[in-house]
Amino acid sequence: MGEHIPVVTLDGPAGAGKGTVSRALAQRLGWRYLDSGAIYRSLAVAVMDEGLALEDRAGISAIARTMELRFESDPSPRVILNGRDISDRISSETCGNLTSKIAALGPVRQALLQKQREFRQPPGLVADGRDMGTVVFPDADYKIFLTASAEERAFRRHKQLKEKGIDVSLTRLTNEIEERDQRDRERSEAPLKMADDAFLVDSSAMSIEQVITCCLRWIETSRLR
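Residues 83 to 307 in my numbering are what the sequence shown spells out, letter by letter.
Written out as structure tokens, the structure reads:
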């Protein structure tokens with residue numbers, strides 16, 4: 083038996099704050115960080131660049147297996163795909179919507195499964211996504227399901243986009259988030275759902291710092307059991 087490498091998974095719908103919370107947990111625990119959403123978004127960028135149709139599952143799966151991806155955090159978080167910085171591109175709404183559709187394809191999820199599991203390295207891993215605790219790391223030591231109302235998530239996204247000088251309708255954002263939630267919940271492959279042994283955190287009325295503190299306390303309490 084090899085060394086046991088502990089894993090914290092954070093699952094939940096888009097815009098619940100998983101990325102910010104996960105990065106903070108990884109930093110405070112001194113563990114590695116896996117942004118599974120960025121892996122899928124990077125694949126969406128690669129698919130757009132190749133001009134592949136959504137129906138071309140074999141082509142998309144081939145790209146998923148062969149794309150070279152790395153995450154850099156110094157001096158700021160960056161995503162490098164096949165040697166190119168695509169950090170700005172993966173945050174677009176177009177990329178987000180295509181990502182949700184690609185993520186519903188079984189062969190594609192299978193192709194990316196091993197890529198994600200390779201991030202499990204000492205001293206530990208914090209992984210965020212939609213199916214980290216149910217499919218990718220079902221044996222994770224600590225599973226957290228982070229959610230918030232669709233209205234609150236749309237409000238947060240609207241604020242982010244306004245700060246970038248992008249004007250988007252709040253109503254449209256809310257509708258898009260609700261549609262994406264429904265797609266993620268109803269897909270046949272690894273649907274968005276809370277693991278039976280996960281800790282539920284609703285961040286609708288909480289600050290990011292409160293969420294981080296709540297998760298750290300729960301992890302620490304669970305360790306002592």
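Ideal placement from N, C-alpha and C gives every residue a C-beta, glycine not left out.
Owing to the predicted nature of the structure, the values given are computational and were not obtained by experimental measurement.
Spatial neighbours of residue i within its chain, please: C-beta separation below 7 Å, excluding the five flanking residues on both sides.
i	result
E234	S286
V103	L92, L228, I290, V293, I294, C297
A232	T256, I259, E260, D263
R147	A193
A112	The sequence shown places Gly at residue 112, not Ala. Contacts found: P205.
Mapping DSSP to helix, strand and coil, what is residue i?
i	result
A98	coil
K244	helix
F237	helix
L274	coil
V250	coil
R202	coil
I259	helix
E269	With the sequence shown as reference, residue 269 is identified as Arg, and Glu is not the correct amino acid for it. Here R269 sits in coil by DSSP.
L228	strand
I145	helix
I121	helix
Can you name, in chain order, every residue of its own chain whose Cβ lies under 6 Å from the Cβ of residue i, other than the five neighbours on each side?
i	result
P189	R139, S143
L309	Residue coverage of the chain in this structure runs from 83 to 307, which leaves residue 309 outside it and unanswerable.
A277	G215, T216, K225
D284	T229
Which value, in whole angstroms, describes the spacing of the CA atoms of residue i and residue j?
i	j	result
E258	R114	31 Å
G165	V127	13 Å
G84	G133	43 Å
P159	F153	7 Å
S155	A98	22 Å
P204	P88	8 Å
R299	Q242	28 Å
P273	S182	11 Å
For the alpha helix (DSSP H) that residue i lies in, which residues bound it at each end?
i	result
L306	290-306
Following the continuous beta strand (DSSP E) through residue i, name the residue where it begins and the one where it ends.
i	result
E154	151-154
G211	207-211
V89	89-93
Can you check which of these residues, the options, is closest to residue i by C-alpha distance?
i	options	result
C177	Q292, D131, T148	D131
D266	F219, N179, P159	N179
G94	G133, K197, R262, L151	R262
G119	A186, T148, E260	A186
I248	K197, S173, K100	S173
V208	L163, I162, Q109	Q109
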